[in-house]
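If you count the sequence shown from 1, position 185 lands on 191 in our numbering, and the numbers rise without skipping.
Contents: one structure, followed by commentary.
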Amino acid sequence: MAAAAETSLEAIPFTTLGERSRPADHFTQGLFFDGQRWWESSGLYRRSWLAEYTDPGANPLRRKWLAANRFAEGLTVLDGKVYLLTYKAGELQIYRAGDLTPLGVRHYAGEGWGLTSDGEQLIMSNGSDELTYRDPDTFAIKRRLKVHGGGEDWSNINELEYARGLIWANIWQDTRIIAIDPASGAVKGVIDLRELVPDSRHPDVVANGIAWDEARNGLWVTGKFWPKLYLIRPQGLGFENDGEPSD
């Protein structure tokens, strides 16, 4: 117990730089922002979709509904393609980012939870404490990364985002986001979004969804059935600068 206490991580303070209202019926699974456009996936069977926005508070430019037996999970965008996981179908769906034209399907074993990219490979979570690096063309596993540190078991890793050289991850049914060293798997920091969580007793109103805003030097965060997205800037972990975003 003493060793765990010595290595425990205290939550890193953050500044809330802005917020955006949006419909509160999104079961947010994946979130990505390229500086101009947003892509989001919303889960649940018979209700899953993939959408593209210029304004997350407005109607989507495009929306693709998934088959009734497909449960949308995490997504990322790489080299002009949207990669979308499914929960238990073992199916990675690939779309053209420009117009959401389907480009193909890849298959994998186990569950799909979160997905991001370091610019070269895809990085996937499956609800455990292990991430897998995968080939964007074949989705074959190239590397496994066990997440550890802070005196905790980091199971239930969910939505992922790659920013400032770290992998940022939601933990299912936890208000915290962790920052993971992609080389070692060590947890370098923790951010607690407790103050941003909507006042609700619904069990699914949990933090989920992280998107890097490179121009504004922050992370957009939200959750399932949350009515807002928040732009936050952690104090440290690569987000130090003297600039402020403009709305």
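Cβ atoms here follow ideal geometry from the backbone N, Cα and C, with glycine treated the same way.
Looking at the structure shown, is residue i part of a helix, part of a strand, or coil, going by DSSP?
i, result
"L243", "coil"
"E117", "coil"
"R200", "helix"
"D205", "coil"
"L72", "coil"
"R140", "strand"
"N214", "strand"
"W174", "strand"
"M130", "strand"
"M7", "Since pLDDT at M7 reaches only 43, below the 50 mark, its modelled position is unreliable, and no value is offered."
"G80", "strand"
"D85", "coil"
"L165", "In the sequence as displayed, the identity of residue 165 is Glu instead of Leu. DSSP places E165 in strand when its eight states are reduced to three."
Since residue i sits in a beta bridge, which residues does DSSP pair it with?
i, result
"W160", "Answer by DSSP bridge pairing: none, since W160 is not bridged."
"H154", "A192"
"Y236", "E25, V227"
"P108", "Y101"
"A185", "W174, G195"
Roughly how many angstroms lie between the CA atoms of residue i and residue j, to the nearest whole one?
i, j, result
"D219", "F39", "7 Å"
"T144", "A115", "13 Å"
"E12", "G104", "In this prediction, E12 has a pLDDT of 44, which is less than 50 and means its spatial position is unreliable; nothing more can be read from the coordinates."
"K87", "V153", "27 Å"
Using a beta-carbon distance below 8 Å, is residue i in contact with chain D?
i, result
"D219", "Of the protein chains in the structure, only one exists, and it is not chain D."
Assuming residue i and residue j form a contact by the criterion Cβ under 8 Å, report the distance between their Cβ atoms to the nearest whole angstrom.
i, j, result
"L172", "L67", "So it is not a contact: roughly 30 Å between Cβ atoms."
"F77", "G49", "5 Å"
"G224", "E165", "With 8 Å as the limit, G224 and E165 do not qualify as a contact, their Cβ atoms being about 17 Å apart."
Item to check | Within the stretch 11-58, ranges of the beta strand (DSSP E) (whole runs, at least 3 residues) | outcome: Runs of the beta strand (DSSP E) inside the stretch 11-58: 20-27, 34-39, 44-48.
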